[in-house]
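> Our numbering applies: residue 254 is where the sequence shown begins, and numbers increase by one. Every residue, glycine too, gets a C-beta built ideally from N, C-alpha and C.
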Amino acid sequence: MTFKEALQDEEISYYDFYTALMDQDLGAWDDINSSDILYDYINEKMREGYCVSHILKAMESQYCYTDDWKISLDNSMNEPVAINTKEDLVEALGLDEEDLARTYTPRQYVIIERKEKSNAGIDR
């Protein structure tokens, strides 16, 4: 399966798609930031005396299902754009047809079963 096919597959979640793109280091990840990163950035810049209230206002005026935003933090005048879908993420990362033609490889998770400790042989 290619990333383009994964993009259109409704059974592949945003988060699995995000992780696979990140694992393959596809796109401009420096411009993708979480809400927590942005709040930290806003606090830091305000303490330094910069006016960055427009960033907070932009965040509050947009619904962001994923808590991911497209914003370059190298310029405090930029405003964030909410990333809500896999399509939004592809656009935010600046992926092209060549990137989307690459093989989609989901991260494999290993489930480890825990054995219950037995109380056998313990005197009470």
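Closer than 8 Å by C-beta to Trp-322: which residues in its own chain qualify, once you throw out the five before and the five after it? Chain order, please.
Excluding sequence neighbours, Trp-322 sits near Ile-285, Asn-286, Ser-287, Ser-288, Leu-291, Met-312, Pro-333, Val-334, Ala-335, Ile-336.
> Expressed to the nearest angstrom, what Euclidean distance is found between the alpha-carbon atoms of Val-305 and Met-299?
Roughly 7 Å between the two C-alpha positions.
> Taking C-beta to C-beta, are Tyr-357 and Met-275 nearer than 7 Å?
It is not a contact, given that the beta carbons lie outside the stated cut-off.
> Look at the alpha carbon of Pro-359 and the alpha carbon of Tyr-316, and state the distance between them as a whole number of angstroms.
The alpha-carbon atoms of Pro-359 and Tyr-316 are separated by roughly 27 Å.
> Ala-259 to Phe-270, Cα distance in whole Å?
For Ala-259 and Phe-270, the distance between alpha carbons rounds to 7 Å.
> Which residues in the same chain have their Cβ closer than 6 Å to the Cβ of Asp-352, if we skip the five residues on either side of it in sequence?
Around Asp-352: Leu-279.
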